[in-house]
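Right, one structure below, let's go through it.
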Amino acid sequence: MTSLTAARREPWKTDGPRSVPQAFPYQGSKRALSAQILSLFPDGGPTRLIEPFAGSAAISVAARRYGLAGDVSLSDVNGPLMGLWQRIIDDPEGLVDDYSRMWTEQQEDARAYFLQVRDDFNRSQDPTLLLYLLCRVVKAAVRYTKNGAFNQSADHRRLGAKPSNIKQRVFEASRLMQGTELHSESYEPFLVDAPRDALVYMDPPYQGTTDVPDSRYLMGLRREPFVETLQRAVDNQVSFIVSYDVVRDDNKYGLKLPDELGLTHRHVVVGVSSQATLSGRSEMSIESLYISPALVQRLGGEDNIDARIDVEPADQASLF
Ligand SMILES: C[S@@+](CC[C@H](N)C(=O)[O-])C[C@H]1O[C@@H](n2cnc3c(N)ncnc32)[C@H](O)[C@@H]1O
């Protein structure tokens, strides 16, 4: 690594991903990446943070946990998911009570209970039922039919997090996320109209190489309009970071974001992937981060970015 200059900051050190509460299980959570992303927060006090593909909002929770975010705004097209965030923030006791009741009720016939709750959720869209489903489904992964019905199956080997565990997670997340602005809308205005002193962190659903809708989340993301919207945000000098996976679970490579956007692209090593561990191989999981020119400038240039996320420029080349 080239030598540090006075303006450089050492990589951000967290107490590890487990030091940050995850209010509810959610596939695609970026908890494991939080240290590298927090390293890219501008200096000079808590940042206004906008997370328009919120999901379980791992980065916002981590940023609040470490005092790096002031005002936080979360949005996700999944309405019941944002309803769940509303309850976590406004009524954690009631939410945990409801979860505890459901967790106990299911003991008699867990399979039938799960199916009943899934049907009820598809009728009512009740966020509390979504919490139960997220705790019970395979890999904490939401799956939807073309018509928007939740259709993921239960993991029958376990009954979901114990109420005492959920209580700890929900209470802690609730405390950290007080005052958060919540929306359930598509991401575009939150990105394009973001104030210049804000930071927008985006973790869109991975689209792969085609434009088919993504059943993994309520709404897939078409690549071309996404790229056009990023361009508008670049033109508006918005500071943003996008996580955009290049290496997928199945080891296929997706498309990079186009060079014309002028984003700074860095790979970060997240650690041994759970897939690899299961199959006995020791493999690193590589994530892609794209950083907007306005943020690169606020951070003092690309060299500073490498120092902050602790990567060797030479390593970057070998990862392509
Ligand atoms: C990869 S997940 C985000 C996970 C998140 N980083 C976390 O820590 O849990 C992507 C999220 O984007 C949401 N989403 C999909 N299309 C969207 C859109 N057009 N606007 C806003 N959110 C969208 C999905 O519902 C999903 O929750």
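Last residue of the sequence shown? That's 344 in the numbering used here, and every number before it is there in order.
Backbone N, C-alpha and C fix where the C-beta goes; we use that ideal spot for every residue, glycine too.
Pick from Gln-255, Asn-260, Pro-229 and Asp-259: whose alpha carbon is nearest that of Arg-246?
Nearest C-alpha to Arg-246: Pro-229.
Helix, strand or coil for Arg-220 per DSSP?
Coil.
By alpha-carbon positions, which one of Asp-95, Lys-191, Val-85 and Leu-200 ends up nearest to Asp-221?
Closest by alpha carbon: Asp-95.
Name the DSSP bridge partner or partners of Ser-99?
Paired residues: His-207.
Based on DSSP bridge pairs, tell me the residues matched to Glu-311.
Answer is Val-292.
When we look at the beta-carbon of Ala-331 and count the other beta-carbons within 10 Å, is it buried (16 or more) or exposed?
Classification for Ala-331: buried.
Check whether the segment 39–48 touches the segment 207–226, taking contact to mean three or more Cβ pairs, one atom from each stretch, closer than 8 Å.
Not touching, per the Cβ criterion.
Could you give the C-beta distance for Leu-154 and Leu-108, rounded to a whole number, given that I count them as a contact under 8 Å?
Contact holds; Cβ gap of about 6 Å.
Starting from Val-266 and walking both ways along the alpha helix (DSSP H), at which residues does that stretch end?
No alpha helix (DSSP H) holds Val-266; the beta strand (DSSP E) holding it covers 264–267.
If you follow the alpha helix (DSSP H) that Glu-132 is in, where does it begin and where does it stop?
From DSSP, Glu-132 is part of no alpha helix (DSSP H); its letter is neither H nor E.
By DSSP, does Tyr-137 sit in helix, in strand, or in coil?
Tyr-137: helix per DSSP, three-state reduction.
In or out: Ser-198 buried (at least 16 other Cβ within 10 Å) or exposed?
Result: buried.
Considering only DSSP beta bridges, list what Leu-73 is partnered with.
Beta-bridge pairing links Leu-73 to Val-96 and Leu-223.
Using 8 Å as the threshold, is the segment 52–69 in touch with the segment 113–125, meaning 3 or more CB pairs across them?
At 8 Å Cβ cutoff, the stretches do not touch.
Provide the residue(s) that pair with Tyr-168 in DSSP beta bridges, ordered along the chain.
Per DSSP, Phe-174.
Please name the residue or residues paired with Val-258 in a DSSP beta bridge.
Beta-bridge pairing links Val-258 to no other residue.
Starting from the Cα of Gly-203, find the closest Cα among Arg-111, Gly-79, Arg-182 and Pro-151 and give me that residue.
Residue Arg-111 is the option with its Cα nearest to Gly-203.
Give the single residue among Asp-144, Phe-138 and Val-292 whose Cα lies nearest to the Cα of Val-348.
Lying before the first or after the last residue shown, residue 348 is absent from the chain, which here runs from 25 to 344.
Could you name the residues of the same chain whose beta carbon sits closer than 6 Å to that of Asn-175, not counting the 5 residues immediately before and after it, in chain order?
So the list reads Arg-167 and Thr-169, once near-sequence residues are dropped.
Quick one: grab the DSSP three-state call for Val-120.
Helix at Val-120.
Looking at the unbroken alpha helix (DSSP H) that takes in Glu-196, where does it start and where does it end?
Unbroken alpha helix (DSSP H) run through Glu-196: 187–200.
Does DSSP put Val-85 in a helix, a strand or coil?
Of the three classes helix, strand and coil, the one that applies to Val-85 here is helix, per DSSP.
Could you work out which residue in Glu-212, Tyr-268 and Val-266 is closest to Pro-249 when comparing CA atoms only?
The shortest Cα separation from Pro-249 among Glu-212, Tyr-268 and Val-266 belongs to Glu-212.
Determine the direct distance from the alpha carbon of Asn-146 to that of Asn-171, and round the result to whole angstroms.
Near 11 Å, if we compare the C-alpha coordinates of Asn-146 and Asn-171.
Below 7 Å CB to CB, which residues in the same chain sit around Gly-103 once its five sequence neighbours on both sides are set aside?
Here the set comprises Gln-149 and Ser-208.
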